[in-house]
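There are 2 protein chains.
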Amino acid sequence: MVSQINGSVVKAFQILQLFEPGRPELTAAIAAEKLGMNMVTAHRFLRTLELTGAVVAVSRGAYQLGFTLVDLGERAANQTNLSNVVQPVLEDLTATVEESSMASLFDGEKAVCIARAVAARPLFVDVKKGSRLEAYCTAHGKLWLAHLPEDQLARYLDTVELRPMNSSRSITREELVEELASVRAEGLSFNRGEREAEINAVAVPVLSRSGKMICGISVFGATGRMTDAAMQSFIAPMRSAAARVEALLYGPGAAATSSSESGIDT
Amino acid sequence: MVSQINGSVVKAFQILQLFEPGRPELTAAIAAEKLGMNMVTAHRFLRTLELTGAVVAVSRGAYQLGFTLVDLGERAANQTNLSNVVQPVLEDLTATVEESSMASLFDGEKAVCIARAVAARPLFVDVKKGSRLEAYCTAHGKLWLAHLPEDQLARYLDTVELRPMNSSRSITREELVEELASVRAEGLSFNRGEREAEINAVAVPVLSRSGKMICGISVFGATGRMTDAAMQSFIAPMRSAAARVEALLYGPGAAATSSSESGIDT
DNA sequence: CACATCATTTCTATATTAGAAATACTAATT
DNA sequence: AATTAGTATTTCTAATATAGAAATGATGTG
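Chains C and G supply the protein sequences, listed in that same order. Just add 38 to the spot in the first sequence (first one is 1) and you have our numbering. Just add 38 to the spot in the second sequence (first one is 1) and you have our numbering.
1. Provide the residue span of the alpha helix (DSSP H) that contains Asn122 of chain G, from first to last.
2. Measure the CB-CB distance between Gly225 of chain C and Pro243 of chain C and report whether it falls below 7 Å.
3. Whose C-beta lies closer than 6 Å to the C-beta of Ser121 of chain C among residues of the same chain, with five residues either side of it excluded?
4. Measuring only between beta-carbons, confirm whether Arg85 of chain G sits less than 7 Å from chain C.
5. Tell me Val29 of chain C's beta-bridge partners as DSSP assigns them.
6. If you compare alpha carbons, which of C:Thr79, C:Leu64 and C:Leu181 is closest to Gln102 of chain C?
7. Whose C-alpha, out of C:Leu131, C:Leu171, C:Thr79 and C:Glu236, is nearest the C-alpha of Ser46 of chain C?
8. Examine the Cβ distances between the region 96-114 of chain C and the region 243-256 of chain C and report whether three or more of them are shorter than 8 Å.
9. Within the 7 Å Cβ cut-off, does Asp196 of chain G reach chain C?
10. Find the residues of chain G that neighbour Pro62 of chain C, judging by a C-beta separation of less than 7 Å, and give them in chain order.
11. What residues in its chain sit with their C-beta under 8 Å from that of Leu128 of chain C, if we drop five residues either side in the sequence?
12. Contact criterion: CB-CB distance below 7 Å. Does Glu199 of chain C meet it with respect to chain G?
13. Taking the straight line between their C-alpha atoms, what separation do you get for Leu171 of chain C and Lys166 of chain G?
14. Counting only Cβ pairs nearer than 8 Å, list the residues of chain C close to Ile209 of chain G.
15. Can you list the residues of chain G that Asp109 of chain C reaches, using a CB-CB cut of under 7 Å?
16. Between which two residues does the alpha helix (DSSP H) harbouring Glu63 of chain C extend?
17. Output needed in chain order: residues of the region 40-63 of chain C with a Cβ under 9 Å from some Cβ in chain G.
18. How many Å lie between Gly259 of chain G and Val283 of chain G at the Cα?
19. Bridge partners for Ser142 of chain C per DSSP, in chain order?
20. Could you pull the start and end residues of the alpha helix (DSSP H) that Ser97 of chain C belongs to?
21. By Cβ distance below 6 Å, which residues in the same chain neighbour Gly91 of chain C in space, the five residues on each side in sequence not counted?
22. Note down the Cα distance separating Thr261 of chain C from Pro160 of chain C, rounded to an integer number of angstroms.
23. Are there any heavy atoms of the ligand HEM lying less than 6 Å away from the beta-carbon of Ala69 of chain C, as far as the coordinates show?
24. Quick one: residues in its chain with C-beta nearer than 7 Å to the C-beta of Pro275 of chain C, no 5 flanking neighbours on either side, listed in chain order?
25. Can a CB atom of chain C be found closer than 7 Å to the CB of Leu287 of chain G?
26. Can you find a CB in chain C that lies within less than 7 Å of the CB of Asp303 of chain G?
27. Look at the alpha carbon of Gly231 of chain C and the alpha carbon of Ala115 of chain C, and state the distance between them as a whole number of angstroms.
28. Compare the C-beta of Gly74 of chain C against all C-beta atoms of chain G and say whether one is closer than 7 Å.
29. Using CA atoms only, rank isn't needed, just tell me which of C:Leu56, C:Tyr288 and C:Leu110 is closest to Gln52 of chain G.
30. Nearest-angstrom Cα distance between Gln270 of chain C and Arg193 of chain G?
31. From Ser169 of chain G to Lys148 of chain G, what distance separates their C-alpha atoms?
32. What is the residue span of the beta strand (DSSP E) that Tyr101 of chain C lies within?
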């Protein structure tokens with residue numbers, strides 16, 4: 039045995055994971071059924087979780103996720119230095135594809151660079167940690183826009199001015215919306231000289247277990263080398279880089295929330 | 039005994055609570071010392087929490103909060119219908135002070151009304167659920183601005199135009215900043231006819247365990263009745279309303295994160 | 001290089017938990 | 001309004017899972 043695992047704690051988290059979108063409330067009966075445990079046991083777990091503040095009773099026997107988890111989640115988000123997590127992954131990625139790479143967050147308007155790895159080949163791009171990239175004309179930006187809730191996207195489109203960043207022709211709102219649909223569908227976005235004439239880029243998202251976009255990862259370089267074929271060939275290593283970041287954030291044992299029967303027994 | 043409490047789960051959450059601001063990483067030794075448990079036990083809890091994804095190992099024996107908690111926190115935040123939680127509290131508050139009350143969130147620019155209770159006395163204010171109130175000239179807005187991180191406040195002040203909403207004279211940026219400092223210090227803000235000439239308001243924040251502002255609660259009414267003395271007398275019931283909301287969000291047992299020795303020792 | 005510190009494993013006694021059965025609520029149906 | 005059905009909740013007890021002592025392994029320091 040590697041290390042004695044505390045079954046109660048595991049079960050407690052299994053119960054918390056039952057609060058999926060679409061099931062805001064949980065009762066002992068449902069938890070017991072879903073996890074194959076006795077209802078008495080499920081009830082006791084819910085009571086214990088209530089004591090810790092992880093769930094809150096909303097009516098007799100019905101529980102909701104509690105704000106203690108919101109607090110913990112925020113602490114986790116703040117303490118996780120995403121830059122540091124992503125940095126080594128970017129370096130490996132750049133070593134593999136032999137082009138520069140970077141990672142981004144979104145500030146509501148632009149994509150913000152949080153880490154980057156420069157390829158051996160010199161490149162004249164001024165992007166560094168903290169740089170804010172126009173959203174509508176960058177691979178990162180389009181990825182973020184594609185993952186935005188409808189209303190927020192509409193608000194963005196209402197306020198942004200889609201002017202061409204270089205000599206290339208400007209994009210219309212309709213064209214952008216259409217492109218974002220396919221970006222969302224494929225989980226992949228491109229930038230073909232839209233921000234800087236001589237720079238192409240591909241970007242993929244790092245996703246949370248629930249499908250929310252955590253950060254973007256891109257590979258970019260001179261248009262001469264970053265042909266469509268080259269970019270296509272980068273996709274696989276980029277996806278695995280994204281998967282590595284996800285693993286670093288969530289830990290090893292945390293398999294996807296498959297729910298249904300159970301998973302761990304004894 | 040009310041209900042058998044699962045000690046392991048309680049301990050697991052005690053460990054998670056040890057990740058306070060300033061302590062991003064935790065080791066078995068520290069957890070054991072802080073909670074008065076055996077190091078072996080602490081180690082096993084950390085391993086179990088790692089399995090659930092609640093913490094992630096960053097180096098031998100050192101753990102950080104994991105992204106599973108970020109996900110859970112988001113679910114908790116989304117599933118908690120703050121409006122419904124606050125509504126009954128507002129109604130009680132309004133019944134007590136005999137003036138209208140409302141609760142707000144902040145969308146980055148304005149205070150958004152999420153619930154309200156109208157007093158028996160008729161009032162000609164057009165605020166309803168969803169209404170967005172200018173921040174710099176309302177009690178709610180100023181409360182939110184006062185709780186904003188410095189950089190975000192600076193950005194707000196750079197973009198907003200501080201024009202008077204009615205015949206009253208306009209406020210300067212300096213005056214506003216000064217007022218916000220005292221709002222923050224007192225956890226209390228006023229609006230004396232700044233948005234609508236004949237309406238005064240007082241607002242207090244609902245805070246998270248870690249001090250983050252969750253929502254604002256205000257009482258407002260015609261200037262004739264809402265004298266300074268009256269508003270002062272409303273503060274106590276407003277504070278207790280805020281405390282009630284906090285209790286509803288966090289549950290009963292979740293005492294403030296006092297840390298130090300322990301708390302539960304069966 | 002040896003020591004000290006801390007992480008990790010092994011082993012076992014015992015405290016804790018899981019479940020059966022009984023009891024208390026609550027709500028739906030007639 | 002009364003009966004019933006379906007859950008929630010409590011009580012009690014056996015057996016399991018956990019806590020801790022001691023041993024071992026890793027890591028970094030004087």
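Note that beta-carbon positions come from the ideal geometry of N, C-alpha and C, so glycine has one too.
Once the coordinates are examined:
1. Unbroken alpha helix (DSSP H) run through Asn122 of chain G: Leu120 to Val135.
2. yes
3. Ile152 and Ala153
4. yes
5. For chain C, the structure presents residues 39 to 304; residue 29 of chain C sits outside this window and is missing.
6. C:Leu64
7. Closest option to Ser46 of chain C, judged by alpha-carbon separation, among C:Leu131, C:Leu171, C:Thr79 and C:Glu236: C:Thr79.
8. Because the criterion of three Cβ pairs below 8 Å is not met, the region 96-114 of chain C and the region 243-256 of chain C do not touch.
9. no
10. Gln117
11. Ser139, Met140, Ala141, Ala153, Arg154, Ala155, Ile255 and Ala279
12. no
13. 37 Å
14. The premise fails here: Ile209 of chain G is roughly 26 Å from chain C at the closest Cβ pair, so nothing lies under 8 Å.
15. Neighbours of Asp109 of chain C in chain G, taken as residues whose beta carbon is under 7 Å from its own, are Ser246, Arg247 and Ser248 in chain order.
16. Premise fails: Glu63 of chain C is in no alpha helix (DSSP H) and is neither H nor E.
17. Those residues of the region 40-63 of chain C placed with their C-beta closer than 9 Å to a C-beta in chain G are Val40, Ser41, Gln42, Ile43, Asn44, Gly45, Ser46, Val47, Val48, Lys49, Ala50, Phe51, Gln52, Leu54, Gln55, Phe57, Glu58, Pro59, Arg61, Pro62 and Glu63, ordered along the chain.
18. A straight-line Cα-Cα distance of about 22 Å links Gly259 of chain G and Val283 of chain G.
19. C:Cys151 and C:Gly254
20. Counting along the chain, Ser97 of chain C falls outside any alpha helix (DSSP H), though it belongs to the beta strand (DSSP E) covering Val93 to Ser97.
21. For Gly91 of chain C, where only same-chain residues beyond five positions count, the Cβ hits under 6 Å are Gly104 and Thr106.
22. Taking the straight line from one Cα to the other gives about 14 Å.
23. Absence of the ligand HEM is noted for the structure shown, with no ligands found whatsoever.
24. Leu131, Thr134 and Val135
25. yes
26. Only weak support exists for where Asp303 of chain G lies, its pLDDT of 32 falling under 50; the coordinates are left without a value.
27. 34 Å
28. no
29. C:Leu110
30. 40 Å
31. 9 Å
32. From DSSP, the beta strand (DSSP E) with Tyr101 of chain C extends over Ala100 to Leu103.
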